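Read the structure below first, then the notes.
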Amino acid sequence: MKTVSTFQRLKDNNEKIAMLTAYDYSTAQVLDKAEIDGILVGDSLAMVALGYKDTYNITIDEMLIFIKAVARGAKNSFIIGDMPFMSYNLSVEQGLENAGKMIKAGANAVKLEGCNEHILNLVKRCVESGIPVLGHLGFTPQLMNTIGGHKIQGKTADNIELILDSSKKLEKAGCFGIVLELMPAESAKYITENLKIPTIGIGGGKYCSGQIVVTDDIIGKFTDFTPKFIKKYANIHDAVLLGVNAYKKEVKEGLFPSAQESFELNKEEKSKLKC
Ligand code: KIV
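Take 2 as the starting number for the sequence shown in our numbering and just add one per residue.
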């Protein structure tokens, strides 16, 4: 059974942390079977599962539907609910209430992007209330409009120090880990080495304490775009297309369903039919 302590234990034992995203019941079942260290119900589902162009449009109520599905599928996993845009930005009370909804839906922790006084207060209140929090720094998709696009972070010494400073503040506020997105491997290494809590990289190189990626990216299911940091371990899109085309051909040719996939009517009953 994975818990919040699993993350610190793995970091302290110099073991890498392997995390993935899941948005639905059956994917969650597979990740649970693989004993993945943490499952993030990421707001990336806005793009990957719902077809939006970014993460801005997903709401807390929609996120709860996906968290519930994942929680039903992944009974032994540590599930983290990603707080969507504007579900925690208005006030600590709003953030705490929505974080609580995620826990009631089946998440074991929440993830928040960024670091400012408001976020730090919210992290403290969540942790005090029994809600573990995973931070998220570097490239933070919910701040894409102010960042000015998908820009690699931590490219200068000043910016790396800034991210480290924010990471330390999040650590002090009670975060159990920090996602470091889109930065040079050496930058993430420097930050990781100067923190007690684990870092989870996504496009952050091999020196982070662990890694997270979008499952649909690494299994080749989501194909709209593939970030440079993605390695494909399967090609689900092509496998599904192959199956769908074979099904279509057999339906058109009258080969599906065959007797094996059909139910037989009892001969006696058949003979009683009037026309
Ligand atoms: O929404 C998401 O999937 C994320 C990543 C860190 C994987 O935030």
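Note that the Cβ used here is the ideal one computed from N, Cα and C, for glycine as well. This structure is a prediction, so every number in the text was calculated from the model and none was measured.
{"Item": "How should His-151 be labelled, buried or exposed, when 16 other C-beta atoms within 10 angstroms of its C-beta is the threshold for buried?", "Value": "exposed"}
{"Item": "Measuring only the C-alpha atoms, how far is Thr-193 from Leu-138?", "Value": "12 Å"}
{"Item": "Would you check whether the ligand KIV has a heavy atom nearer than 8 Å to the C-beta of Ala-168?", "Value": "The sequence shown places Ser at residue 168, rather than the Ala named in the question. Not under cutoff, so the answer is no."}
{"Item": "When you compare the CB positions of Ile-120 and Leu-171, do they come within less than 9 Å of one another, or not?", "Value": "yes"}
{"Item": "In angstroms with no decimal places, state the Cα-to-Cα distance between Val-49 and Lys-271.", "Value": "49 Å"}
{"Item": "Could you pull the DSSP bridge partners for Thr-56 from this structure?", "Value": "Paired residue(s): none; Thr-56 is not in a bridge."}
{"Item": "Evaluate Met-84 with the Cβ neighbour count: other Cβ atoms within 10 Å of its Cβ, from every protein chain shown; 16 or more gives buried, anything less gives exposed.", "Value": "buried"}
{"Item": "Closer than 8 Å: is that where the CB of Val-134 sits relative to any heavy atom of the ligand KIV?", "Value": "no"}
{"Item": "For the ligand KIV, is there a heavy atom less than 8 Å away from the beta-carbon of Thr-56?", "Value": "yes"}
{"Item": "Tell me whether Met-145 sits in a helix, a strand or coil according to DSSP, three-state version.", "Value": "helix"}
{"Item": "Below 8 Å CB to CB, which residues in the same chain sit around Lys-54 once its five sequence neighbours on both sides are set aside?", "Value": "Met-48"}
{"Item": "DSSP has Glu-182 in a bridge; who is on the other side?", "Value": "Gly-139, Ile-203"}
{"Item": "Here's the rule I'm using: 16 or more other beta-carbon atoms within 10 Å means buried, otherwise exposed. How should Val-252 be labelled?", "Value": "exposed"}
{"Item": "Rounded to whole angstroms, what is the Cα-Cα separation between Asn-236 and Ala-72?", "Value": "26 Å"}
{"Item": "For Tyr-278, which option in Ile-68, Gly-255, Asn-14 has the closest C-alpha, if you only look at C-alpha atoms?", "Value": "Look at the range of the chain in this structure, 2 to 276, and you will see that residue 278 is not part of it."}
{"Item": "Taking only the alpha-carbon atoms, compute the straight-line gap between Phe-223 and Leu-11 and give it to the nearest angstrom.", "Value": "30 Å"}
{"Item": "Expressed to the nearest angstrom, what Euclidean distance is found between the alpha-carbon atoms of Ala-174 and Gly-43?", "Value": "22 Å"}
{"Item": "When burial is assigned at 16 or more other CB atoms within 10 Å of the CB, is Gln-212 buried or exposed?", "Value": "buried"}
{"Item": "Examine the Cβ distances between the segment 96-105 and the segment 143-161 and report whether three or more of them are shorter than 8 Å.", "Value": "no"}
{"Item": "In the DSSP assignment, find the unbroken beta strand (DSSP E) run with Ala-23 in it and report its ends.", "Value": "Note, Ala-23: premise wrong, no beta strand (DSSP E); not H, not E."}
{"Item": "Could you have a look at Gln-154 and say whether DSSP puts it in helix, strand or coil?", "Value": "coil"}
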